[in-house]
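Novice:
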Amino acid sequence: IRYDGTHTQTFGGTTFIIKAGVGGSMSPSASGIDGGWGGLRTTPQMVELFDDGDGRAMFYTDGQTLEIPDLGNFENGYAVVKFTNINRNGSTPERTDFVETDFPMFRLADVYLMYAEAHLRNGGGDAALALSYVNEIRERAFGNTSGNITGNQLTLDFILDERARELYWEGHRRTDLVRFNRFTGDGYLWSWKGNIQEGAPTNSRFNVFPIPFADTSANPNLEQNDGY
1209 IRYDGTHTQT FGGTTFIIKA GVGGSMSPSA SGIDGGWGGL RTTPQMVELF
1259 DDGDGRAMFY TDGQTLEIPD LGNFENGYAV VKFTNINRNG STPERTDFVE
1309 TDFPMFRLAD VYLMYAEAHL RNGGGDAALA LSYVNEIRER AFGNTSGNIT
1359 GNQLTLDFIL DERARELYWE GHRRTDLVRF NRFTGDGYLW SWKGNIQEGA
1409 PTNSRFNVFP IPFADTSANP NLEQNDGY
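Take any residue in the sequence shown, count from 1 to its spot, add 1208: that is its number in the working numbering.
1) With three or more beta-carbon pairs closer than 8 Å as the criterion, would you say the segment 1311 to 1318 touches the segment 1364 to 1382?
2) Where does A1287 land, buried or exposed, given buried means 16+ other C-beta within 10 angstroms?
3) If you count every other CB in all the chains shown that lies within 10 Å of the CB of N1330, and 16 or more means buried, which is it?
4) Could you check which residue in T1309, F1282, A1265 and G1285 has the C-alpha nearest to that of T1222?
5) Relative to the C-alpha of Q1201, which residue among F1306, I1225 and G1402 is closest?
6) Excluding the 5 residues flanking L1397 on each side, which residues of the same chain have their C-beta closer than 6 Å to its C-beta?
7) By alpha-carbon positions, which one of L1279, G1229 and M1234 ends up nearest to I1404?
8) Rounded to a whole number of angstroms, what is the C-alpha to C-alpha distance between N1210 and F1311?
9) Looking at G1247: is its Cβ nearer than 8 Å to the Cβ of E1302?
10) Return the chain-ordered list of same chain residues with a C-beta closer than 7 Å to the C-beta of G1261, the five sequence neighbours on each side being excluded.
11) Between L1328, N1352 and Y1323, which lies nearest to Y1341 when the distance is taken from Cα to Cα?
12) Buried or exposed: S1233, going by 16 or more other Cβ atoms within 10 Å of its Cβ?
13) Can you check whether the CB of G1240 is closer than 8 Å to the CB of T1304?
14) May I ask which residues mark the beginning and end of the alpha helix (DSSP H) holding S1340?
15) Can you check DSSP and say which residues form a bridge with A1287?
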């Protein structure tokens, strides 16, 4: 999705992603913006998914704690610096109040991981090709073959974790967790799931959204999703 600080001004999109992730001791100018909103951080479980040498681990840690005992304190939890409003040549765009960073809706790495997941779910394809696709992603991330995996390591659990490492901050995680049956229930917990720091089970109704009241009012034949 193309964004332009002059012609496509919005408080959503990449303006939200970048500005909401800057706060605490972070320098807004380092992200190419005029100020941060101090809101978005990542969970310790996310940080711990990355091995040493994985270049995709783009976190700001100075003055930040790994754990998040207080959601209202921006210095609790690592900040994510995956996206900035800095040009490829290192310069800052003319506009710093609204960002000019495009959002990647569909990436080749996502397609490679789809192929590997489909193969593991008995959807056909070739095991060697699936492994090569995953290792191609990891070679880019590590800069060499030190992060490559073997065929025995290529499991659905690995794919879920690899999708987190590759696609975090790009809007995929909720859908991925629902598809892997990890979003609700007690089988997979993370910090502040269920609104407590240690994580708690949540109701399976949250796997789907409710049908808006305006829609059910306009069409009485619609049946509300279970649990709402």
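Every residue gets a Cβ at the ideal spot worked out from N, C-alpha and C, and that includes glycine.
Specialist: Checking against the coordinates, here is how it stands:
1) In this structure the segment 1311 to 1318 touches the segment 1364 to 1382; the number of beta carbon pairs closer than 8 Å is three or more.
2) The Cβ neighbour count for A1287, taken over all protein chains shown within 10 Å, is at least 16; the residue is labelled buried.
3) Exposed, because fewer than 16 other Cβ atoms sit within 10 Å of the Cβ of N1330.
4) When each option's Cα is compared against that of T1222, the closest is T1309.
5) Outside the displayed range of the chain (1209 to 1436) lies residue 1201, so it cannot be described from this structure.
6) Excluding positions up to five away in sequence, the list reads G1407.
7) The option with the nearest alpha carbon to I1404 is L1279.
8) The amino acid at residue 1210 is misidentified as Asn; the sequence shows Arg. Linking R1210 to F1311 through their CA atoms gives a straight-line distance of about 7 Å.
9) It is not a contact, given that the beta carbons lie outside the stated cut-off.
10) Shown here for G1261: same chain residues with a beta carbon closer than 7 Å to its own, the five before and five after excluded, namely F1350, S1354 and G1355 in chain order.
11) Nearest option by C-alpha distance: Y1323.
12) Answer is exposed; the Cβ neighbour count stays below 16.
13) Closer than 8 Å, so yes.
14) Start and end: A1335 to F1350.
15) For A1287, the pairing in a beta bridge is given by DSSP as Y1268.
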